[in-house]
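Residue numbers (the working numbering), protein chains in the order written: chain Y, 1 to 259; chain W, 260 to 518. Think of the CB as a built atom: it goes at the ideal place given N, C-alpha and C, for glycine as much as any other residue. Have a look at the structure below, then the notes.
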């Protein structure tokens with residue numbers, strides 16, 4: 001299922017909090033990314049603060065490479081995008097996350113490595129830093145609250161990458177299978193005849209207990225009940241439970257009748 | 260642009276870390292969600308630990324409602340989905356995030372409120388807690404590293420909601436405008452005749468400086484140069500800079516010639 005194309009490199013520039021490096025590693029690992037590079041982190045690296053937030057993504061933390069400049073960090077990368085929340089006084093192509101991962105996939109399929117670059121928590125990347133990127137990525141957030149948490153921004157891009165990669169490497173059928181509704185049963189789904197047996201038992205039971213106000217209403221009330229149960233796609237076990245309820249009440253009624 | 264349909268409610272159940280409540284508020288506010296409800300948080304609420312992670316999403320924190328049970332938290336909600344990373348020994352419909360937000364949008368358009376429910380950091384929701392949900396949402400993470408950070412999971416769902424809501428409330432044209440590539444210029448884009456003036460100046464300049472090895476090669480070399488510059492969609496200002504470079508070198512060459 002997984003093709004061998006290069007996955008995007010994540011580059012964190014002048015990151016202030018080691019915790020965010022840890023959270024970033026976790027977010028990357030959730031979606032299969034592994035190459036994390038730091039450019040001039042504020043705190044020295046390796047740093048204990050990252051470990052607990054990584055929640056087990058230790059392999060990523062251990063393989064982090066640290067660089068002094070963005071061009072050094074991108075020595076083997078050919079296509080780069082930079083995340084930005086601010087409008088820039090610079091002439092640049094800008095697009096949304098979905099378009100960005102499609103571009104990255106396009107280069108990955110040519111076996112070209114891409115990078116997604118994220119600036120420091122407070123200020124974002126400088127114009128100087130983004131000038132080397134092929135394009136900017138702007139997430140369509142609320143206008144008055146546009147600054148994403150750093151690791152959450154990485155998660156968003158990693159998730160979009162995972163989706164576009166899955167859509168591309170799976171057949172339509174296989175992709176539908178991971179995204180569209182599935183019904184999980186602990187036991188097999190009931191057959192129509194098993195359900196029909198239950199429906200007739202239910203109808204007889206309700207009739208015996210004078211549930212139907214009039215004989216005329218009976219068929220439409222039963223249809224409503226059948227539709228309700230049919231909608232929930234009963235398993236054999238669930239049908240067994242429902243039949244069991246009827247049996248239990250019937251037993252109780254019999255005992256009462258005797259006493 | 261923004262329609263008045265109800266946005267999904269976010270419900271955090273037995274959350275352990277107040278910091279995650281703060282990060283959740285920020286993620287929600289980034290994408291326009293505002294109704295955050297807590298069910299039996301481990302630490303008392305309000306809690307100072309949430310504030311700094313909320314990074315300005317104070318309005319959400321201030322309006323948080325706290326409940327003792329999930330049904331109480333959902334008193335005004337009609338459709339609910341629960342996030343889960345684990346497979347459950349329970350018969351449930353399960354789908355991916357994109358399908359989940361489409362279902363929520365469907366109910367929102369009927370003015371029915373939906374909720375997205377998230378369990379505690381360590382263990383997730385119990386089978387008892389998820390049994391009341393209409394469906395489960397499973398994010399297609401890496402199989403061996405499937406546990407998302409709580410606030411990152413909220414961000415992912417809020418982002419998917421924002422996208423489906425934008426796709427629905429904007430025209431196709433308007434949506435393309437926020438997602439597809441745009442070129443931002445600080446100054447207007449150059450006209451073809453302005454570019455043509457630059458190209459002839461460049462050609463003359465290169466000719467004067469014996470750049471072209473042979474006369475035969477000249478047209479194809481110039482075509483390559485023109486294509487390169489045309490691809491980057493030059494602004495008037497950028498074209499001015501390029502013309503300025505030629506002028507500066509010409510001046511320098513004249514001075515040298517004199518000395």
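So, with DSSP's three-state summary, where would you put residue i?
{"i": "residue 443 of chain W", "result": "strand"}
{"i": "residue 215 of chain Y", "result": "coil"}
{"i": "residue 34 of chain Y", "result": "coil"}
{"i": "residue 464 of chain W", "result": "helix"}
{"i": "residue 352 of chain W", "result": "strand"}
{"i": "residue 514 of chain W", "result": "helix"}
{"i": "residue 394 of chain W", "result": "strand"}
{"i": "residue 458 of chain W", "result": "helix"}
{"i": "residue 247 of chain Y", "result": "helix"}
{"i": "residue 374 of chain W", "result": "strand"}
{"i": "residue 271 of chain W", "result": "strand"}
{"i": "residue 488 of chain W", "result": "helix"}
{"i": "residue 380 of chain W", "result": "coil"}
{"i": "residue 280 of chain W", "result": "helix"}
{"i": "residue 235 of chain Y", "result": "strand"}
{"i": "residue 401 of chain W", "result": "coil"}
{"i": "residue 1 of chain Y", "result": "Residue placement at residue 1 of chain Y is flagged as unreliable, the pLDDT there being 39, under the threshold of 50; a coordinate-derived value is accordingly withheld."}
{"i": "residue 241 of chain Y", "result": "helix"}
In or out: residue i buried (at least 16 other Cβ within 10 Å) or exposed?
{"i": "residue 287 of chain W", "result": "buried"}
{"i": "residue 512 of chain W", "result": "exposed"}
{"i": "residue 165 of chain Y", "result": "buried"}
{"i": "residue 75 of chain Y", "result": "exposed"}
{"i": "residue 251 of chain Y", "result": "exposed"}
{"i": "residue 92 of chain Y", "result": "buried"}
{"i": "residue 237 of chain Y", "result": "exposed"}
{"i": "residue 129 of chain Y", "result": "buried"}
{"i": "residue 1 of chain Y", "result": "Legend: pLDDT at residue 1 of chain Y = 39, less than 50; position of this residue unreliable, value from coordinates given subsequently. It is exposed - the Cβ of residue 1 of chain Y has fewer than 16 other Cβ atoms within 10 Å."}
{"i": "residue 422 of chain W", "result": "buried"}
{"i": "residue 84 of chain Y", "result": "buried"}
{"i": "residue 94 of chain Y", "result": "buried"}
{"i": "residue 133 of chain Y", "result": "buried"}
{"i": "residue 451 of chain W", "result": "exposed"}
{"i": "residue 436 of chain W", "result": "exposed"}
{"i": "residue 267 of chain W", "result": "buried"}
{"i": "residue 294 of chain W", "result": "buried"}
{"i": "residue 10 of chain Y", "result": "buried"}
{"i": "residue 472 of chain W", "result": "exposed"}
{"i": "residue 228 of chain Y", "result": "exposed"}
Mind listing the chain Y neighbours of residue i? Cutoff is C-beta to C-beta under 7 Å, in chain order.
{"i": "residue 414 of chain W", "result": "152, 155 and 156"}
{"i": "residue 418 of chain W", "result": "156"}
Can you name the start and end residues of the alpha helix (DSSP H) that residue i belongs to?
{"i": "residue 302 of chain W", "result": "Run containing residue 302 of chain W: none; DSSP gives neither H nor E here."}
{"i": "residue 359 of chain W", "result": "356 to 367"}
{"i": "residue 266 of chain W", "result": "Counting along the chain, residue 266 of chain W falls outside any alpha helix (DSSP H), and DSSP gives it neither H nor E."}
{"i": "residue 177 of chain Y", "result": "172 to 179"}
{"i": "residue 248 of chain W", "result": "Outside the modelled stretch of chain W, which goes from 260 to 518, sits residue 248 of chain W, for which no answer is possible."}
{"i": "residue 419 of chain W", "result": "409 to 428"}
{"i": "residue 49 of chain Y", "result": "48 to 54"}
{"i": "residue 318 of chain W", "result": "317 to 321"}
{"i": "residue 87 of chain Y", "result": "Residue 87 of chain Y -> no alpha helix (DSSP H), and no H or E assigned at all."}
{"i": "residue 389 of chain W", "result": "386 to 389"}
Note down, in chain order, every chain Y residue with its Cβ under 8 Å from the Cβ of residue i.
{"i": "residue 455 of chain W", "result": "The premise fails here: residue 455 of chain W is roughly 20 Å from chain Y at the closest Cβ pair, so nothing lies under 8 Å."}
{"i": "residue 314 of chain W", "result": "147 and 149"}
{"i": "residue 440 of chain W", "result": "93, 94, 95, 99 and 135"}
{"i": "residue 321 of chain W", "result": "Here the premise fails: no neighbours, minimum Cβ distance about 15 Å."}
{"i": "residue 331 of chain W", "result": "Correct list: empty, because the minimum Cβ distance to chain Y is about 25 Å."}
Going by DSSP, what residue range makes up the beta strand (DSSP E) through residue i?
{"i": "residue 340 of chain W", "result": "338 to 342"}
{"i": "residue 324 of chain W", "result": "324 to 326"}
What residues from chain W crowd round residue i, counting only those whose CB sits closer than 8 Å?
{"i": "residue 186 of chain Y", "result": "348, 349 and 350"}
{"i": "residue 112 of chain Y", "result": "What residue 112 of chain Y touches in chain W: nothing, since even the nearest Cβ is about 17 Å away."}
Under 7 Å: does the beta carbon of residue i sit that close to some heavy atom of the ligand MG?
{"i": "residue 382 of chain W", "result": "Only the bare structure without any ligand can be found here, which leaves the ligand MG out of the picture."}
Which residues in chain Y have a C-beta closer than 9 Å to the C-beta of residue i? List them in chain order.
{"i": "residue 494 of chain W", "result": "91"}
Please compile the residues from chain W whose C-beta is within a distance smaller than 9 Å of the C-beta of residue i.
{"i": "residue 140 of chain Y", "result": "290, 421, 422, 425, 437 and 438"}
{"i": "residue 238 of chain Y", "result": "350"}
Which of the residues in the stretch 278 to 306 of chain W, read from start to end, lie with their CB under 9 Å from any CB of chain Y?
282, 285, 286, 288, 289, 290 and 291
task = Select from the stretch 377 to 391 of chain W all residues with a C-beta closer than 7 Å to any C-beta belonging to chain Y, and list them in chain order.
result = none
Going along the stretch 421 to 436 of chain W in order, which residues come within less than 9 Å of chain Y, judged by CB to CB distance?
For the stretch 421 to 436 of chain W, which is checked against every Cβ of chain Y, the residues closer than 9 Å are 421, 422 and 425.
Discussion item. Beta carbons nearer than 8 Å to chain Y: which residues of the stretch 503 to 516 of chain W have them?
Written reply: none
query = Given a limit of 9 Å on CB to CB distance, which residues of the stretch 192 to 222 of chain Y reach chain W?
reply = Taking 9 Å as the Cβ-Cβ cut-off, the stretch 192 to 222 of chain Y has no residue approaching chain W.
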